[in-house]
Amino acid sequence: MFKKVLVANRGEIAVRIIRACQERGIRTVAVFSDADRTALHVRYADEAYHIGPPAARESYLRGDKLIDVARQAGADAIHPGYGFLAENAGFAAAVRDADIAFIGPSPEAIEAMGDKITARERVTQAGVPLVPGTPRHLRDADLAAAAAQLGYPILVKASAGGGGKGMRTVADPADLESGLAAARREALAAFGDDSVYLEKAIEAARHVEIQILADRHGHCIHLGERECSIQRRHQKLVEECPSVAVDAALREQMGAVAVAAAQAVNYESAGTIEFLLDKNGQFYFLEMNTRLQVEHPVTELVTGVDIVKEMIRIADGRQLRIRQEDVHMKGWAIECRITAEDPENNFMPASGKIVALREPTGPGIRVESGIYEGFEVSLFYDPMIAKLIAYGETRAEAILRMRRALKEYRIAGLKTSIPFHMALMDSPRFQWGQFDTRFLESHTAPPLAAAQEHERLAAIVAAMLHHERGLRNIAISHGVEGEQGQSTWRRSALLTGMRALL
Amino acid sequence: MKYQTQIDHKTYQIEIEDTGALSIDGQAIAADLLQVGPLGLYSLLMDNASVELVVEETQQGYRVTLGSRTFDVRVADERELRLSGGRAALAAPTGVMTIKAPIPGLVVRVLVRAGEEIVEKQPLVILEAMKMENELRAPRSGVITAVNIKPGESVEQGAALLVLE
Chain A
61 MFKKVLVANR GEIAVRIIRA CQERGIRTVA VFSDADRTAL HVRYADEAYH IGPPAARESY
121 LRGDKLIDVA RQAGADAIHP GYGFLAENAG FAAAVRDADI AFIGPSPEAI EAMGDKITAR
181 ERVTQAGVPL VPGTPRHLRD ADLAAAAAQL GYPILVKASA GGGGKGMRTV ADPADLESGL
241 AAARREALAA FGDDSVYLEK AIEAARHVEI QILADRHGHC IHLGERECSI QRRHQKLVEE
301 CPSVAVDAAL REQMGAVAVA AAQAVNYESA GTIEFLLDKN GQFYFLEMNT RLQVEHPVTE
361 LVTGVDIVKE MIRIADGRQL RIRQEDVHMK GWAIECRITA EDPENNFMPA SGKIVALREP
421 TGPGIRVESG IYEGFEVSLF YDPMIAKLIA YGETRAEAIL RMRRALKEYR IAGLKTSIPF
481 HMALMDSPRF QWGQFDTRFL ESHTAPPLAA AQEHERLAAI VAAMLHHERG LRNIAISHGV
541 EGEQGQSTWR RSALLTGMRA LL
Chain B
19 MKYQTQIDHK TYQIEIEDTG ALSIDGQAIA ADLLQVGPLG LYSLLMDNAS VELVVEETQQ
79 GYRVTLGSRT FDVRVADERE LRLSGGRAAL AAPTGVMTIK APIPGLVVRV LVRAGEEIVE
139 KQPLVILEAM KMENELRAPR SGVITAVNIK PGESVEQGAA LLVLE
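Line by line, the protein sequences give chains A and B. According to this note's numbering, the stretch in the first sequence is residues 61 to 562, in order. According to this note's numbering, the stretch in the second sequence is residues 19 to 183, in order.
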């Protein structure tokens, strides 16, 4: 087994990986930018190395520096986490060339799945269903003919695209010409390439993904699905395992297809196949994430498998410990991504110092966090600062526990997505599982919990403190000072008595 | 002592007597407030309802976080109210106001022009940061007197984007 693992990441995921290593008795090496000297991953690891300025491209994205540190520290493996260099085939290859194990798939698998066109070609050969669509680089006239054949509504997508840029839904043939023109314009501006293609728009689709695990000895299993339809601008906010839309038969079918897709690129390690699932139970391959996912904990809670530890074992060349028939799903888990964003102001990223923090605990609650009291949340990195995961025997219990835990959560100093999650947990449509990927668009953000009473309390407290401050100023000027750290409010009657004498 | 507190556009009249008795908008309540943590964590018992909250002092007043929501509260006492000649001491800010970039980013679109009259909450600028487009909205109504940015420009956090009067 590895003696020492370098964690090429930061925040909650670096902490998560360090924990898995420590549980396996593996020493850990953290890396940090100038912004993260006091971050939790630095403090939890056995060793920590400075790798550069706060900007990611000068620190966490510097593969050369990371490999240098791994050599210097004598690490025999690197775990990339998610984001940063996790899906960078060049980095995976450089790590391999440096004779260090990469805890993830091979560079070839990353590359094959990283390119949308190659990925689609490879998985189709393995019998994986794709959303019906056109080839790229067609002229508008050919696209119009193809659109008529596919049937409206259709989606216009940029060939070089990503992140929703250059994407348009066209419902009416009459709007196709202007839709194509707009998409080409956006694609050219964003990617320097105005080529577009068409896809049939899958209406009322859910985003359902299958977690897979594969070793290098030809074993590949799936750990069931995750429901990730609660998204805002293609960013997942809430995930759950299992999905209300998937029964045992569909799970088996989707699982088999996911395994086939992974095997099509000789996949090794943990990975995720994302699907669109329509209301008739038809599903279509979207893409494969060749890395650990943010939302892996919900699967861990429901299957009992520690995915990060399995990744480490697989990278060490071991065989999978579990066979498909050993995978049993029990209970229900929901994850809320806690981000430093203001849900009442269009999810504007927030920064600042965390002045008070208390994380929820208790039955069925797991917190994956990268923050502490006094931590400065900067705008250099992803706004996700923690993940709150609730587990219950049933979905209803998981929701109730999540509600309870969100209520216990105290983060002060900056705005977070917690109020959004509270409102979502209270939303009847969410509770009934009636949602698709457009839930947040069509319901223009669920109404935030009624805050009338809270507002009144805030007004009272501010007045009380203001009152107290006034009294304290008087007291101090008369040589009466309160004991340190203790509220003077209780003594206010005494002080007001004094004030009356003034 | 009488206090007027304001949150957004709503004002509350709060009176705290020398005995410590407290009322809000004329309604008497029993409130007990104690600091329970070092960083402004307070426990409030209001008519026996138990609430935990975090209070930070800000330039304008107090920032109160409870139930995971944050309220910016401004407070004026009797004297301040008297000095303002009976007019609301806590009226919305007026005068020249610079609208700054709350985050560093790329200006994608500028939705207003100099001289344009705008209303509160109207979208002004689209800033792209961390792959996401963020809409900056007007903090209050007024007239845009200067536009210091163009689409395609990168701005640092705190950069003056627009001037509102």
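Using N, Cα and C, we set each Cβ at its ideal position, and we do this for glycine too.
Asked                                                                                                              : Found
Collapsed DSSP secondary structure at I160(A) in the structure displayed                                           : coil
Distance, M314(A) Cα to E334(A) Cα                                                                                 : 10 Å
Three-state secondary structure assigned by DSSP to I25(B)                                                         : strand
Reduced DSSP secondary structure (H/G/I, E/B, other) of K20(B)                                                     : strand
Boundaries of the alpha helix (DSSP H) in which A68(A) is found, first to last residue                             : That residue, A68(A), is in no alpha helix (DSSP H); it is neither H nor E in DSSP.
C-alpha distance - R127(B) paired with Q295(A), whole-angstrom precision                                           : 22 Å
Other residues of its chain near Y469(A): CB distance less than 8 Å, five sequence neighbours each side excluded   : I398, R418, E419, P420, L448 and I478
6 Å Cβ shell around E541(A) - same chain, five flanking residues per side excluded                                 : Only weak support is given to the placement of E541(A): the predicted model assigns it a pLDDT of 45, under 50, and the question is left unresolved by the model.
Closest by C-alpha distance to I270(A), when choosing among F435(A), T332(A) and L380(A)                           : T332(A)
Closer than 8 Å to chain A by CB, R158(B)                                                                          : no
Simplified DSSP state of R127(B), which is helix, strand or coil                                                   : strand
Neighbourhood of V137(B) by C-beta, 8 Å cutoff - its chain only, sequence neighbours within 5 removed              : A156 and S159
Cβ of Q140(B) within 8 Å of any chain A Cβ                                                                         : no
Stretch pair the region 179-189 of chain A + the region 314-329 of chain A: three plus CB contacts closer than 8 Å : yes
K125(A): contacting residues in chain B (beta-carbon distance under 8 Å)                                           : Within chain B, no residue comes near K125(A); the closest Cβ sits about 22 Å away, beyond 8 Å.
Chain B contact for N406(A) (CB, 8 Å cutoff)                                                                       : yes
Closer than 7 Å at the beta carbon, the chain A residues around L59(B)                                             : A416
DSSP bridge partner residues for R87(B) (one or two, in chain order)                                               : L84(B)
Inter-residue spacing [alpha-carbon to alpha-carbon] between D26(B) and I520(A)                                    : 15 Å
Contact list for N152(B) against chain A, beta-carbon separation under 8 Å                                         : N406, F407, M408 and P409
P213(A) beta carbon less than 8 Å from that of T229(A)                                                             : yes
Minimum length 4: unbroken alpha helix (DSSP H) runs contained in the region 455-531 of chain A                    : 455-468, 478-486, 488-491 and 499-502
Opening and closing residue of the alpha helix (DSSP H) in which K369(A) lies                                      : I367 to A375
Environment of D124(A) [buried if 16+ CB atoms lie within 10 Å]                                                    : exposed
Within 7 Å of chain A by C-beta, residues of the region 82-98 of chain B in sequence order                         : V82, T83, L84, G85, S86, R87, T88, F89, V91, V93 and D95
Option nearest A116(A) by Cα separation, candidates A68(A), V306(A) and G150(A)                                    : A68(A)
Chain-ordered chain B contacts of R516(A) [CB-CB under 8 Å]                                                        : Y30 and I42
Given K475(A) as reference, the closest of M444(A), A265(A) and M485(A) once Cα atoms are compared                 : M444(A)
6 Å Cβ shell around H282(A) - same chain, five flanking residues per side excluded                                 : I270, I272, G315, A318 and V319
Spatial distance of D253(A) from A152(A) (CA atoms)                                                                : 28 Å
Cβ-based burial, T178(A) [other Cβ within 10 Å; buried from 16]                                                    : exposed
Where L101(B) falls, given that 16 or more other Cβ within 10 Å makes a residue buried                             : exposed
Buried or exposed by the 16-neighbour rule on C-beta atoms within 10 Å, applied to N340(A)                         : exposed
Local conformation of P120(B) per DSSP, three classes                                                              : coil
Under 8 Å from the C-beta of A146(A): neighbouring residues of chain B                                             : Per Cβ cutoff of 8 Å: no residues; A146(A) is ~16 Å from chain B at best.
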